[in-house]
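Below is one structure, written out as structure tokens; the observations come after it.
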Amino acid sequence: MIDMEINDIWSALQPFIFKLLAVVVIIVIAYGVSRVLTKLLGMVFRRAEVGYIARSAEIIKIIIYISAAVAIANVLAPEALVFSFLILLIGLATIFMFVDLLRNIGAELYIRSRDFVRRGDWIEVDGVGVKVLDFDVAGVVGETAKLEKVFIPYTKLMNSIVVNKVTPLGMLMRIYVDIPSSYGIDGARNMLLEAIESVKEDMATEPDVTYLGSKEDKLNFVIEFHIINYRKLTKILATIDREVRQRIPEAIVRA
Numbered sequence: 001m002i003d004m005e006i007n008d009i010w011s012a013l014q015p016f017i018f019k020l021l022a023v024v025v026i027i028v029i030a031y032g033v034s035r036v037l038t039k040l041l042g043m044v045f046r047r048a049e050v051g052y053i054a055r056s057a058e059i060i061k062i063i064i065y066i067s068a069a070v071a072i073a074n075v076l077a078p079e080a081l082v083f084s085f086l087i088l089l090i091g092l093a094t095i096f097m098f099v100d101l102l103r104n105i106g107a108e109l110y111i112r113s114r115d116f117v118r119r120g121d122w123i124e125v126d127g128v129g130v131k132v133l134d135f136d137v138a139g140v141v142g143e144t145a146k147l148e149k150v151f152i153p154y155t156k157l158m159n160s161i162v163v164n165k166v167t168p169l170g171m172l173m174r175i176y177v178d179i180p181s182s183y184g185i186d187g188a189r190n191m192l193l194e195a196i197e198s199v200k201e202d203m204a205t206e207p208d209v210t211y212l213g214s215k216e217d218k219l220n221f222v223i224e225f226h227i228i229n230y231r232k233l234t235k236i237l238a239t240i241d242r243e244v245r246q247r248i249p250e251a252i253v254r255a
């Protein structure tokens with residue numbers, strides 16, 4: 001009689017015990033996965049600032065724990081499947097509402113993992129030169145050679161041609177000059193070479209003046225050279241612009 005009662009009690013408790021064990025296993029797995037992914041994140045983004053790594057780790061933990069909570073609900077009560085389905089619908093709706101934000105976060109993860117752009121680099125985005133000052137939550141904060149503040153979303157960097165001008169030889173400077181065709185190709189090139197002699201001491205490499213072609217009675221040239229001191233960028237550009245215009249008043253100089 002006693003054995004039958006024990007068996008009945010065990011039969012009644014057995015499903016709850018198994019569910020409790022399953023819940024414990026889910027919690028342990030979720031905790032272990034969050035710890036491992038947090039460490040991997042620190043290894044992958046070891047050059048990133050601590051705040052960014054901590055923010056990314058928190059996002060990962062939240063996702064893991066929410067997934068674990070849904071799994072536990074399914075284990076404890078079969079009817080929770082309906083609740084889980086509703087959570088899934090809400091999650092999909094949330095993703096749809098914040099798709100731009102999620103896309104920007106994904107772009108940030110990719111850009112930082114590739115380590116292509118770093119603080120202090122001079123980059124060119126869609127033809128605009130920008131010095132990277134800081135990495136914000138939503139994008140890159142920088143400034144132009146004229147000290148204009150610039151904000152570039154990470155998605156913009158992913159969808160644009162980005163040129164990092166910082167090389168082992170220094171920062172690559174590229175200056176475009178349009179000159180009336182009446183000066184002639186050789187004459188215009190010689191005048192440009194004379195003009196950039198004024199900043200020769202700031203150059204890390206020999207300047208290269210290339211003729212690109214002509215358009216609307218204008219000769220199009222590009223001047224390329226490297227500099228070491230980034231802080232002299234504005235001064236160098238202003239000096240070259242002044243020297244070129246002294247020799248060719250009609251010239252159009254643009255960086």
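Under our numbering, think of the first position of the sequence shown as 1, with each following residue one higher.
By construction, the Cβ of each residue, glycine as well, lies at the ideal position given by its N, Cα and C atoms.
Cutting at 6 Å between CB atoms, please list the residues of its own chain near residue i, excluding the five before and the five after it.
i	result
residue 57	38 and 41
residue 142	130, 131, 132, 133 and 150
residue 34	61 and 64
residue 178	218, 220 and 252
Would you kindly report the start and end of the unbroken alpha helix (DSSP H) that includes residue i?
i	result
residue 248	Residue 248 -> no alpha helix (DSSP H), and no H or E assigned at all.
Can you have a look at residue i and say buried or exposed, based on whether 16 or more other CB atoms are within 10 angstroms of its CB?
i	result
residue 221	buried
residue 108	buried
residue 123	buried
residue 191	buried
residue 135	buried
residue 163	exposed
residue 146	exposed
If I follow the unbroken beta strand (DSSP E) through residue i, where does it start and stop?
i	result
residue 132	128-135
residue 124	122-125
residue 151	149-153
residue 252	252-254
residue 140	139-143
Among the residues of its own chain, which have a CB less than 8 Å from the CB of residue i, if the five just before and after it don't count?
i	result
residue 111	117, 154, 157 and 158
residue 189	209, 211 and 221
residue 144	128, 129, 130, 131 and 150
residue 119	132, 133, 134 and 135
Grab me the residues of residue i's own chain with a C-beta within less than 7 Å of its C-beta, minus the 5 sequence neighbours each way, in chain order.
i	result
residue 104	138, 153, 154 and 155
residue 267	This structure gives no information on residue 267, because the portion of the chain shown stretches from 1 to 255.
**Prompt:** Which runs of the alpha helix (DSSP H), 4 residues or longer, sit entirely within the segment 159-223?
**Reply:** Fully enclosed alpha helix (DSSP H) runs of 4 or longer: 185-196.
**Item:** At least three beta-carbon pairs within less than 8 Å, the segment 164-172 to the segment 226-246
**Value:** At 8 Å Cβ cutoff, the stretches touch.
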